[in-house]
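**Student:** To start, I am sharing the structure in question, which I have written as structure tokens.
In my numbering, the protein residues as written are 25 to 158.
Structure follows, in structure tokens:
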């Protein structure tokens, strides 16, 4: 599974490198990649680091809940020449966009936190990945 994730990340890097050399197109708008806790990714002059999962109270897939719950993560955004900024991102039922960064030619959104909880997996055994989209 980890090999597949590494392969997908490498493909994303190749696609991103090609997109950087070409004029801005819609394909850049849909570049997606995952970060594990502590991992970072450089996108143009912006570096995004997935720092931690602060909360994960999302209702497990295999349970009927009254409240859908939410997940909250912390990321660091570092743009060349500016001080780093830490942001909290909330994934809940509201459906709002979690935009981490906006500049003239770049929008970075946090799309999903995986894995989604299941009662068969203990909370402390989850290996989290944050999916980002450019």
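By construction, the Cβ of each residue, glycine as well, lies at the ideal position given by its N, Cα and C atoms.
Predicted, not measured: the structure shown is a model, and the values here were computed from it.
1. Does the Cβ-Cβ distance between residue 101 and residue 125 come in under 8 Å?
2. So within the stretch 61 to 112, which uninterrupted beta strand (DSSP E) runs reach at least 3 residues, ignoring any that extend past its ends?
3. Can you tell me the Cα-Cα spacing of residue 77 and residue 71, whole angstroms?
4. Return the chain-ordered list of same chain residues with a C-beta closer than 6 Å to the C-beta of residue 116, the five sequence neighbours on each side being excluded.
5. Please report the straight-line C-alpha distance between residue 79 and residue 97, rounded to a whole angstrom.
6. Sort 139, 128 and 122 by Cα distance to residue 157 and report the nearest one.
7. Please classify residue 146 as buried or exposed, where buried requires at least 16 neighbouring CB atoms within 10 angstroms.
8. Along the beta strand (DSSP E) that carries residue 153, what are the first and last residues, could you check?
**Tutor:** Reading from the atomic positions:
1. Their beta carbons are under 8 Å apart, which means residue 101 touches residue 125 by this criterion.
2. 64 to 67, 70 to 80 and 95 to 103
3. Taking the straight line from one Cα to the other gives about 18 Å.
4. 94
5. Cα to Cα, the separation comes out at about 7 Å.
6. Residue 122 holds the alpha-carbon nearest to the alpha-carbon of residue 157 among 139, 128 and 122.
7. exposed
8. 153 to 157
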